[in-house]
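Anchor point for the sequence shown: position 78 equals 99 in the working numbering, and the numbering is continuous, going up by one each time.
Cβ atoms here follow ideal geometry from the backbone N, Cα and C, with glycine treated the same way.
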Amino acid sequence: MRTLYFESYDRMSKYAADMIAAQIRQKPDSVLGLATGSSPLGIYRELIGLYESGQLDFSQVTTFNLDEYCGMDYRNEQSYHYYMQENLFSKINVPASNIHLPDAAAADPDAECLSYERSIEQAGGIDLQLLGIGHDGHIGFNEPDSHFPAITHRTMLAEPTIQANRRFFASQDQVPKEALTMGIGTIMKARKILLIAFGADKEEIVRQAFTGPVVPAVPASVLQLHPDVTVLYGK
Ligand code: F6R
């Protein structure tokens with residue numbers, strides 16, 4: 022595991038974007054695992070900049086997002102589908118047919134999860150998975166005490182996550198309580214993992230996850246067992 026400390030969010034984002042760009046240049050048909058939330062916004066801005074200046078081509082890239090809120094239509098502004106369109110996909114040349122997010126409005130969520138997992142396998146597996154980390158140590162929506170080998174599945178969000186997401190919704194009862202998420206088993210199969218965390222509020226969980234024991238109570242700690250993880254953090 023490589024851990025790098027940054028004093029600036031922008032510098033951390035640029036470093037991460039350069040890693041993703043290097044992955045795409047080395048393998049133009051890379052399969053990327055992507056995250057939402059506030060942490061990756063700077064990376065997405067950098068990637069858009071590289072595309073606009075002709076330095077990066079996404080035409081053969083395939084993407085799989087980590088998660089989506091249950092029951093959320095893709096046109097809803099709070100959905101992760103909408104977030105990805107707004108913050109990345111509509112501004113680069115990744116083909117729409119290469120973009121994947123779990124369909125959390127599917128009539129049969131369990132079948133959707135299995136089919137999502139199968140699509141990742143059929144695409145050849147994830148080359149580089151981008152992750153943020155929740156204050157409770159979640160990755161994707163794998164909350165504390167998640168089953169380490171789990172594949173894509175439907176899950177309940179933990180109370181701290183619901184509270185952290187509250188800022189994006191008009192009222193408490195609009196905050197989703199369930200999501201479809203890649204499992205820890207799905208994430209651990211990625212060939213490379215890049216986790217980003219910025220801010221004093223993430224300092225303690227980063228310390229627990231990457232210098233403490235590997236325990237289900239801190240889901241991100243499992244990444245210590247992965248052979249190719251880079252953690253970028255700072256405040
Ligand atoms: C988002 C995701 C979550 C976030 C985590 C951190 O797709 O899977 O695990 O990465 O909640 O969110 P931010 O970056 O908003 O602090």
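- Residue pairing of Arg23 in beta bridges, as defined by DSSP: Thr251.
- Distance from the CA of Gln47 to the CA of Leu77, rounded to the nearest whole angstrom, comes to 11 Å.
- The Cβ atoms of Ala37 and Leu215 sit closer than 7 Å to each other.
- Those residues that bring their Cβ nearer than 5 Å to a heavy atom of the ligand F6R are Ala56, Thr57, Gly58, Ser59, Ser60, Leu87, Asp88, Gly153, Gly155, Gly161.
- Between Tyr90 and Ala125, the CB-CB gap stays under 7 Å.
- About 15 Å separates the beta carbons of Leu62 and Ile113, which is beyond the 8 Å limit, so they are not a contact pair.
- Short of 8 Å from the beta carbon of Leu178, and not among the five residues preceding or following it, lie these beta carbons of its own chain, in chain order: Phe162, Glu164, Asn186, Pro197, Lys198, Glu199, Ala200.
- At a Cβ-Cβ threshold of 7 Å, Phe189 and Gln106 do not count as neighbours.
- For Ile217, the uninterrupted beta strand (DSSP E) segment begins and ends at 213-219.
- When secondary structure is reduced to three states using DSSP, Val52 falls in the strand class.
- Looking from the CA of Ser167, the closest CA among Ala238, Ser140, Phe110 belongs to Ala238.
- With 16 or more other CB atoms across the displayed protein chains lying within 10 angstroms of its CB, Leu253 is buried.
- Residue environment analysis places Pro248 among the exposed positions, since fewer than 16 neighbouring C-beta atoms fall within 10 angstroms of its C-beta.
- Spatial neighbours of Ser34 in its own chain (CB-CB distance under 6 Å, excluding positions within 5 residues in sequence) are listed in chain order as Gly63, Ile64, Glu67.
- The alpha-carbon separation between Gly58 and Pro130 amounts to approximately 22 Å.
- Per DSSP, Asp88 lies in no alpha helix (DSSP H); the unbroken beta strand (DSSP E) holding it starts and ends at 88-90.
- The secondary-structure analysis by DSSP pairs Leu151 across a beta bridge with Leu215.
- In this structure, Gly255 places its C-beta atom within 7 Å of the C-beta atom of Glu28.
- Counting along the chain, the unbroken alpha helix (DSSP H) around Leu135 starts and ends at 130-143.
- Thr84 and Ser192 have their C-alpha atoms spaced approximately 31 Å apart.
- Fully enclosed alpha helix (DSSP H) runs of no fewer than 4 residues occupy 180-186 of the region 165-195, in order along the chain.
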